[in-house]
Structure formats: C-alpha cells, structure tokens
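Sequence positions in the sequence shown follow our numbering and run 264 to 690. I have placed the structure first, in the form of structure tokens, so that the comments after it can refer back to it.
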Amino acid sequence: FKIFFSKNRVSKKQVTPNKIPSSLVSKQNLSCIFWNLYGFNTLYNLSAQDIDKIVNVDIFCLYETWITSNLVIKPNFLQEFDYFLVKASKYFVKGRASGGIIIFLRKSLFNNIRVLISKDWFLCLLVEYDNKTIVIGTVYWKPGPENNYLLEEISNDLNYLFFNYGQFHIIIGGDWNARIGSLNNLDDEICNSCNFSGQRSSMDGIIDKRGEKLIDIMESVGMIVCNGRSPSDIPAQYTYSGPNGCSVVDNVWVSFSCVNVVNDLKILDICEFSDHFPCLLSLNYKYDNNNSKPTTQITRIHRNATNLSLFKAILESSPNQFDPNLNINELCNNFTDAIKSHLSEADILKTQTLKTVNPNKPWFDSRCYKAKKEVRDRLKNCRQNSFSPNSLNLFLSAKKSYKNLINHIKFEYIQKLNSKLETVKNS
C-alpha cells in the first residue's frame, strides 16, 4: 500500500455551514466605504487586522485606483462583489496612470444596477436594495486650479441627478481636493430626528476657493455633508495626512431626504499604504447577517507502525468483495470508499475542521507585525497631539519604513519561491 502512504498529504475543502436558526440571525446595517487607495495594490497589502475592519462592508467606492484595464483581479474579500469602473488615464509610456474609479457591490444585496454617469472624475450608479432605490456616486476631483473647470460640470450633473432621481436617496462621496472648514451648518431643530448634529466642526479649519464654490453648488441642491456632524466624526477627522500636511478633503454628501437614513460616518485607521483614510458610512437599512462564514476542513494522514499494522489487519478482514458485475467507475468508487473507511478506522485518516483561517500573506512575519504596530502607535500619538508637525513627521517616517520593509520581505519571499522552482526544474 505504498501508494497511499508515500507522503503526508493534506487536502482542503470548503464546507457550506448549516442554516442558522432565525432567532440567532443578527441584523446588520448597510455600509459603504469611500477611499482614495493611492493604487489598487493597496488592497492586496492589507493585513488581516485591516481586512477585519472592512470585510462586512457592502459597497466599496474606491478612487485613484490607477487601473487601466476593464479586467480586475479581485482580492479574496471582494470575490462576492460585482464591480463597475472608470479606467485611469495614462498619458505617457513611462510612469503610472492617473485617477481611476471603481465601485464594488455585494452580489447578494443589490439588483437592477444602472450606470447613470461615467466620467473620468465621476462614476454614479442607480441600485435597488430590498425594494428601495439608492443613487450612489464616487468623485475624484484632481487638485490644481487647472481642474477647477469641473465646477460647472459638477453643478450640471447634480442638477441632472436631482431632476431625474431626486425622489431617491442620493449619496456622493470621494476626494474633492476642496477644503470646506466648518461650513454647511444647519439649524439643530432640523436634525432632531436623526443622528446628525446641525452645526459642524472640523480639525481642518481652512476654507479654500474651491471649497467655497463646492459648498454653494451642494447647498443649491440640498446636499448635506456627513463629515463633522456624525456621532463618530465630531469634529471632522483628517482624511489626508502626508508630506503636504493634514486636511479633510474626502467628504461624503447625502441628499436631505437621506439624513434620517444615515446612522454614522467614521474615519478608519487604515493608513499604511495610502495617505488617505477610508470613510465608512453606515445606513439604517438593515439586512440579515448570519455570520456563517464557510469553514475549512483539512484531511491529514497520520502514520505510525501501530496504526499501519491495524490498517493491514482491517483490510484483510474487510467484507468488501470484488463484484465482476460492476462497471469500472463503480469498482473505482467502491475501492476508494473502502480504503478511506478503513484508514479512518485505523486512525490514520483524520479530518480536522478549522473555524478560522489566517488570511495574512505567507510572507507577513513578525518583522511586519512589529513595523505595523509602530505605524499604529505613531498615528495614535499624532491624534493625541493634534497632528503636530513633529508627531506627523514621526508617523510618516514609520509609514515609509513599513512600506519599504513590506516590499523587501515580499521580494525575498518571491526570490525563495523562484529558487525552489528552479531546483525542481533542474532535478
């Protein structure tokens, strides 16, 4: 029986979990993330800790993806999502592309999806969810006065949306590269029945010309900014921190009819590979979440002299007999079933169910954990010191060291794989 015992083999298979009783099913708020990725590869570099923060998000509105193809290789946590995209622009042979927008939607929740607007700087969809219709849009407005011509286009597109779809809840977020300070204040009485505060406050008190004009356009159609007035974002937290300082330029706007639907806006501390922090918007749309992630079964062969002798004895006394009336497939199935059954009886074949699987990259070692912790500690220190110049410099330095370390360790890992492949090839 050498063929069965030549190596310790491991096999894995996904197992669909049993249906959970309705009494144990929890309700989850529909949620959406707006995030300037600074390259789609940022998603591939997320740690397990980062993925845990966003794995239950239902809509991902991502910009500055730098994606130049219609074909997108999705990371594992986005496999059950459909996507719509605007490709990035590449003007030169050398260097990376610029811009790019993509929206991921959880397949099980949304249907009848329509693209309303698709431009280099704006992607807007109409989606149906649980007999409700939502307009969801993502903006990436490049910095610089040469791009201020988009003000008129923004105004025209918003008027188009409100004229044709104003009866639905409208949500538009993104990187506006506009600083609005604490503008867009409301009477507190208006917000008595919702989670919003009428008056806004912000860590970024600067108001630039683009910000002033953006406020005028948004208020003309009744849009309200979530930053700086949501329970988890008072005052508005910085959404950008980089060599040029800190600012609140990633804003999420909702139509007035949507105010009562917004539960919260929170700025997440995922910061290692992008200078922008994700904005997590949660809505008071509820859906069933049974938290029943597929488990992984691992089958292992454990050999020793005792159980091999027992297996031989069981096999010799097996009642299974050769039946010449069976076809070749039936004979094969009977044989393999008998062998597996006897291996289990002899305690050689063991099946183990793993409740969780470590989603970390195989190269993510203790050095990575240590460097990542340093970044988080520096960010915490930044917040405690209101992002003072000294604390910000230490934070940015830790981020740079972490990215360099990750790139180095990944390169080492790939080199080792290539070396092993060369060894196999030459053997």
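All residues carry an ideal CB built from backbone N, CA and C; glycine is no exception. This one's a predicted model, so the numbers in the text were calculated from it and none came from an experiment.
Query raised in the report: Would you report the Cα separation of Ser604 and Ala576, rounded to the nearest angstrom?
Result: In the sequence shown, the residue the question calls residue 604 occupies position 341. In the sequence shown, the residue the question calls residue 576 occupies position 313. Straight-line Cα distance between these residues: approximately 13 Å.
Query raised in the report: Using DSSP with H/G/I as helix, E/B as strand and the rest coil, what is His565?
Result: Indexing the sequence shown from 1 puts residue 565 at position 302. Looking at His565 - three-state DSSP - the assignment turns out to be coil, as it is neither helix nor strand.
Query - Limits of the beta strand (DSSP E) - the one that Arg377 falls within - result: Translated into positions along the sequence shown, residue 377 becomes position 114. Looking at the DSSP string, the run of the beta strand (DSSP E) that includes Arg377 is Phe373 to Ser381.
Requested in this report: Count the other CB atoms, across all protein chains shown, that sit within 10 Å of the CB of Tyr412; report buried if there are 16 or more and exposed otherwise.
Outcome: To locate residue 412, count along the sequence shown from 1; it is residue 149. With fewer than 16 Cβ atoms within 10 Å of its Cβ, Tyr412 is classed as exposed.
Report task. Count the C-beta pairs between the region 645 to 657 and the region 501 to 521 that are closer than 8 Å, then say yes if the count reaches three, no if not. Result -> yes
Requested in this report: Could you check if Pro541 is buried or exposed, using at least 16 other CB atoms within 10 Å of its CB as the buried criterion?
Outcome: For the purposes of this step, residue 541 is taken as the residue at position 278 of the sequence shown. That one is buried.
Query raised in the report: Which stretch, first to last residue, makes up the alpha helix (DSSP H) that contains Asn514?
Result: Here residue 514 is taken as the residue at index 251 of the sequence shown, counted from 1. Here Asn514 belongs to no alpha helix (DSSP H); instead the beta strand (DSSP E) covers Asp513 to Ser518.
Query raised in the report: Would the C-beta of Asn681 count as close to the ligand HEM, meaning under 7 Å from any of its heavy atoms?
Result: Absence of the ligand HEM from the depicted structure is noted, as is the absence of any ligand whatsoever, leaving it without description.
Requested in this report: Leaving aside the five residues before and after Leu348 along the sequence, list all residues of the same chain whose C-beta is less than 6 Å from its C-beta, in chain order.
Outcome: The residue you call residue 348 lines up with position 85 of the sequence shown. Excluding sequence neighbours, Leu348 sits near Ile365.
**Report entry** Val517 beta carbon less than 8 Å from that of Cys534
**Finding:** Counting from one through the sequence shown, the residue named residue 534 turns up at place 271. Counting from one through the sequence shown, the residue named residue 517 turns up at place 254. Their beta carbons are not under 8 Å apart, which means Cys534 does not touch Val517 by this criterion.
Report task. Please determine, among Trp404, Glu327 and Ala351, the residue with the shortest C-alpha to C-alpha distance to Asn333. Result -> Here the question's residue 333 lines up with position 70 in the sequence shown. Out of Trp404, Glu327 and Ala351, Ala351 has the C-alpha closest to the C-alpha of Asn333.
**Report entry** Rounded C-alpha distance that separates Tyr548 from Leu372
**Finding:** The residue you call residue 548 lines up with position 285 of the sequence shown. The residue you call residue 372 lines up with position 109 of the sequence shown. Distance between the alpha carbons of Tyr548 and Leu372: 11 Å.
Requested in this report: Ignore the nearest five residues each way along the sequence and tell me which others in Val511's own chain have a CB closer than 8 Å to its CB.
Outcome: The residue you call residue 511 lines up with position 248 of the sequence shown. Once the five neighbours on either side are set aside, the close Cβ partners of Val511 are Arg442, Ile443, Ser465, Met466, Asp467, Asn490, Gly491, Ala499, Gln500, Tyr501, Thr502 and Tyr503.
Query raised in the report: What is the residue span of the beta strand (DSSP E) that Cys387 lies within?
Result: Counted from its first residue, the sequence shown places residue 387 at position 124. Note, Cys387: beta strand (DSSP E), Phe385 to Tyr392.
Query raised in the report: From Gly363, Asp393 and Val525, pick the residue whose C-alpha is nearest to that of Ser456; which is it?
Result: As a position in the sequence shown, residue 456 is number 193, starting the count at 1. Answer by Cα proximity: Val525.
Query raised in the report: By DSSP, does Val335 sit in helix, in strand, or in coil?
Result: Indexing the sequence shown from 1 puts residue 335 at position 72. Residue state, collapsed to three classes: coil.
Report task. Identify the continuous beta strand (DSSP E) that holds Ile469 and give its terminal residues. Result -> The count along the sequence shown starts at 1 and reaches residue 469 at position 206. Segment: none, Ile469 is in no beta strand (DSSP E) and carries neither H nor E.
Query - Residues bridged to Lys613 [DSSP beta-bridge criterion] - result: The count along the sequence shown starts at 1 and reaches residue 613 at position 350. According to DSSP, which records beta bridges pairwise, Lys613 is partnered with Arg563.
Requested in this report: Tell me whether Tyr632 sits in a helix, a strand or coil according to DSSP, three-state version.
Outcome: Looking up residue 632 in the sequence shown gives position 369. Helix at Tyr632.
Query raised in the report: Hey, out of Tyr423, Ala661 and Cys631, whose CA is closest to Ile672's CA?
Result: The sequence position of residue 672 within the sequence shown is 409, counting from 1. It is Cys631.
Query raised in the report: Taking contact to mean at least 3 C-beta pairs separated by less than 8 Å, is the region 320 to 337 in contact with the region 560 to 570?
Result: no
Query raised in the report: Quick check: the region 473 to 485 against the region 408 to 427, are there 3 or more CB pairs under 8 Å?
Result: yes
Report task. From the DSSP output, in three-state form, read off Ser504 for me. Result -> On the sequence shown, position 241 is the one that residue 504 refers to. DSSP places Ser504 in strand when its eight states are reduced to three.
Query raised in the report: Pairing CB atoms from the region 430 to 450 with CB atoms from the region 393 to 405, are three or more of them under 8 Å?
Result: yes
Query raised in the report: What is the rounded straight-line gap between the Cα of Glu409 and the Cα of Asn440?
Result: Taking the first residue of the sequence shown as 1, we reach residue 409 at position 146. Taking the first residue of the sequence shown as 1, we reach residue 440 at position 177. So the alpha carbons of these two residues sit roughly 13 Å apart.
Query raised in the report: Where do the ends of the beta strand (DSSP E) carrying Lys529 lie?
Result: Looking up residue 529 in the sequence shown gives position 266. That run of the beta strand (DSSP E) goes Val525 to Ile530.
Query raised in the report: Starting from Thr396 and walking both ways along the beta strand (DSSP E), at which residues does that stretch end?
Result: To locate residue 396, count along the sequence shown from 1; it is residue 133. Lys395 to Tyr403 is the span of the beta strand (DSSP E), which, as asked, contains Thr396.
Requested in this report: Within the same chain, show all residues whose beta-carbon is closer than 6 Å to that of Leu446, passing over the 5 residues directly before and after it, in chain order.
Outcome: Within the sequence shown, residue 446 is the residue found at index 183, counting from 1. Counting only Cβ-Cβ distances below 6 Å, and skipping sequence neighbours, we find Ile478.
Query raised in the report: Along the chain, where does the beta strand (DSSP E) that runs through His432 open and close?
Result: Numbered from its first residue, the sequence shown carries residue 432 at position 169. Looking at the DSSP string, the run of the beta strand (DSSP E) that includes His432 is His432 to Asp438.
**Report entry** CA-to-CA distance, Lys624 to Gly302, given in whole angstroms
**Finding:** On the sequence shown, position 39 is the one that residue 302 refers to. On the sequence shown, position 361 is the one that residue 624 refers to. Distance between the alpha carbons of Gly302 and Lys624 is about 19 Å.
Query raised in the report: What's the gap between the Cα of Val484 and the Cα of Ile469?
Result: Within the sequence shown, numbered from 1, the residue matching residue 484 stands at position 221. Within the sequence shown, numbered from 1, the residue matching residue 469 stands at position 206. Each residue's alpha carbon lies about 24 Å from the other.
Query raised in the report: Under a Cβ-count criterion, where at least 16 other Cβ atoms within 10 Å of its own Cβ denotes burial, should Phe674 be classed as buried or exposed?
Result: Against the sequence shown, residue 674 aligns to sequence position 411. Answer is exposed; the Cβ neighbour count stays below 16.
Query raised in the report: If Val522 sits next to Phe459, beta carbons under 8 Å apart, how far is it from one beta carbon to the other, in whole angstroms?
Result: In the sequence shown, residue 522 corresponds to position 259, counting from 1. In the sequence shown, residue 459 corresponds to position 196, counting from 1. Between Phe459 and Val522 the Cβ distance is about 6 Å, and since that is below 8 Å, they are a contact.
Query - Start-to-end residues for the beta strand (DSSP E) that takes in Asp450 - result: In the sequence shown, counting from the first residue as 1, residue 450 sits at position 187. Unbroken run through Asp450: none, as it is neither H nor E.
Query - From Glu475, Gln462, Leu306 and Asp345, residue whose alpha carbon lies closest to that of Ser493 - result: Taking the sequence shown and counting its residues from 1, one reaches residue 493 at position 230. Answer by Cα proximity: Gln462.
Requested in this report: Tell me, please, which residues DSSP counts as bridged to Arg492.
Outcome: The residue labelled residue 492 in the question sits at position 229 within the sequence shown. DSSP output for Arg492 lists no bridge partner at all.
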